[in-house]
Amino acid sequence: AQTVTQSQPEMSVQEAETVTLSCTYDTSESDYYLFWYKQPPSRQMILVIRQEAYKQQNATENRFSVNFQKAAKSFSLKISDSQLGDAAMYFCAYRSATGANSKLTFGKGITLSVRP
Amino acid sequence: DSGVTQTPKHLITATGQRVTLRCSPRSGDLSVYWYQQSLDQGLQFLIQYYNGEERAKGNILERFSAQQFPDLHSELNLSSLELGDSALYFCASSPRGGVGGEQYFGPGTRLTVT
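As they're listed, the protein sequences go chains A and B.
Each residue of the first sequence is one higher than the one before, starting from -11 at the first, in this note's numbering.
Each residue of the second sequence is one higher than the one before, starting from 423 at the first, in this note's numbering.
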């Protein structure tokens, strides 16, 4: 079974600075997807970024980028130029690319606070 | 707005009761997933439907059941409710079988069992 670990329960960043959120995962599969979801106080789950395991290039979406290290099974999220609206809980998630079960397996999440 | 709708937003009920949560996926999405978010267990996958058929089951209790209708909306039925069932229940949808990988989440239904 696949597992996702987010070992830092909380992090804090100064507005306009850069922060990196860590995630590791365990799988025996070679083809999969990794995601970061944001959950603000409204509790809505918002997709931030997606990475396909077969792609060596790290995904980027505006101020958000990932550092995907397949061999190390590491998938960190970098938020540049942090904004007050980035304050939220962030979840790392894994999804197999093969088989009938395409469920998401989530880590426990990390609470990010942004200091003005 | 993800395009996935869930009703009701909040539900308060007593132990032993039965409730139904409803989800409408994004237009054109055939797959619907149900997740439970609680303080104890985090975000957990419950069940997946694809075009009306059950596709996969996760940590879903026998007291819980779901179905997907011909118009692709889905319902999650929770019965003999216990205090521990209090949680945020999310529905998510994805195109076809999940090609592309991403799932889009609805706003959730917050269930409180008293």
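Glycine residues also receive a C-beta, built at the ideal position from the N, C-alpha and C atoms.
I'd like to know if residue 35 of chain A contacts chain B, where contact means its C-beta is closer than 8 Å to some C-beta of that chain.
yes
Counting beta carbon pairs with one atom in the segment 79 to 96 of chain A and one in the segment 4 to 19 of chain A, are three or more of them shorter than 8 Å?
yes
For the beta strand (DSSP E) containing residue 42 of chain A, name the first residue and the last one.
Neither: residue 42 of chain A is in no beta strand (DSSP E) and is coded neither H nor E.
For residue 523 of chain B versus residue 426 of chain B, is the C-beta spacing smaller than 8 Å?
no
Alpha carbon of residue 512 of chain B to alpha carbon of residue 459 of chain B, nearest angstrom
8 Å
Extent of the continuous beta strand (DSSP E) run through residue 435 of chain B
432 to 435
Output, in chain order, the set of chain A residues within a Cβ distance shorter than 8 Å of residue 524 of chain B.
21, 23, 35, 38
Please state whether DSSP places residue 505 of chain B in a helix, a strand or coil.
helix
Residues of its chain near residue 28 of chain A, where Cβ-Cβ distance is below 7 Å and the 5 sequence neighbours each way are ignored:
76
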